[in-house]
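For reference, the structure is listed below as structure tokens.
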Amino acid sequence: MSQDINGKSGKSSGFSVGLIVFGIVLFMLTTAGCYFVIKSALAPLMPHEMQSRSKSDGLLVQLGEFTVNISDVSMSRFLKTEIVIEVTDSKIKKSMEEEQLPVLRDQIISILSSKTVADLDSPHRTELKEEIKTQLNKRYHNAVSNVYFNSFIMQ
196 MSQDINGKSG KSSGFSVGLI VFGIVLFMLT TAGCYFVIKS ALAPLMPHEM
246 QSRSKSDGLL VQLGEFTVNI SDVSMSRFLK TEIVIEVTDS KIKKSMEEEQ
296 LPVLRDQIIS ILSSKTVADL DSPHRTELKE EIKTQLNKRY HNAVSNVYFN
346 SFIMQ
């Protein structure tokens, strides 16, 4: 082994250069991989992909804002929420928006005002959505596919 002036062997510098080259190659491969993954994720949808996505999307019916007293005997509390429902049939959507909106709102007000604070807490909101969906589907022959809360304030 040859030693330089400082007493270090010559092989350690070769190892360092190899490690640096390996690091640079690894960095370049990682960067290229990230580029292709991000590029494919951000690419615009092809027309046939857009059509298949639009077919699966439902039609939204804005039911507006609801303010109801909560059925809680300990104190006077109220719920203020905005509800949107998703339906699968455009004829039913039109009927809901033009003719049946007061009936829909009354049905939902009855459901909401029968609940206690515990029933309206975060863990139970999914159950509340399902109850609203079930009640509306009885009237509209399973046309309601989802219920959304745009806002949900209890006081």
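Under this note's numbering, the first residue of the sequence shown carries the number 196, and numbering increases by one thereafter. Backbone N, C-alpha and C fix where the C-beta goes; we use that ideal spot for every residue, glycine too. Quick caveat, the model's predicted, so the values are computed rather than measured.
* For V339, the nearest candidate out of F210, I219, V256 (CA to CA) -> Within the sequence shown, the letter at position 144 stands for residue 339. Of the candidates F210, I219, V256, the one whose C-alpha sits nearest the C-alpha of V339 is V256.
* With a 10 Å radius around its C-beta and 16 neighbouring C-beta atoms as the bar for buried, classify I304 as buried or exposed. => Position 109 of the sequence shown, counted from the first residue, corresponds to residue 304. I304 is exposed by the Cβ-count criterion.
* So Q350 and F231 are in contact, right, with Cβ under 8 Å, and what is the actual spacing, rounded? -> Translated into positions along the sequence shown, residue 350 becomes position 155. Translated into positions along the sequence shown, residue 231 becomes position 36. Their Cβ separation, rounded to whole angstroms, is 51 Å, which puts Q350 and F231 out of contact at 8 Å.
* To do: Please state whether DSSP places I348 in a helix, a strand or coil.
  => For this step, residue 348 is matched to residue 153 along the sequence shown. In the structure shown, I348 falls within a strand segment according to DSSP collapsed to helix, strand and coil.
* What first and last residue would you give for the beta strand (DSSP E) that runs through E294? -> Position 99 of the sequence shown, counted from the first residue, corresponds to residue 294. E294 -> no beta strand (DSSP E), and no H or E assigned at all.
* Cα separation between I219 and A227? -> Mapped onto the sequence shown, residue 219 falls at position 24. Mapped onto the sequence shown, residue 227 falls at position 32. Cα to Cα, I219 sits roughly 12 Å from A227.
* To do: Classify K275 as helix, strand or coil using the three-state DSSP reduction.
  => One-based indexing of the sequence shown puts residue 275 at position 80. Looking at K275 - three-state DSSP - the assignment turns out to be strand.
* Which same chain residues, not among the five before or five after S251, have their C-beta less than 8 Å away from its C-beta? -> Taking the first residue of the sequence shown as 1, we reach residue 251 at position 56. Any answer about S251 is weak, because its pLDDT of 49 lies below 50 and its placement is not dependable; what the coordinates show is given next. There are no such residues.
* From E260 to D301, what distance separates their C-alpha atoms? -> Indexing the sequence shown from 1 puts residue 260 at position 65. Indexing the sequence shown from 1 puts residue 301 at position 106. Each residue's alpha carbon lies about 12 Å from the other.
* **CA nearest to the CA of T321, picked from R334, L331, I233, F344** => Counting from one through the sequence shown, the residue named residue 321 turns up at place 126. Residue F344 is the option with its Cα nearest to T321.
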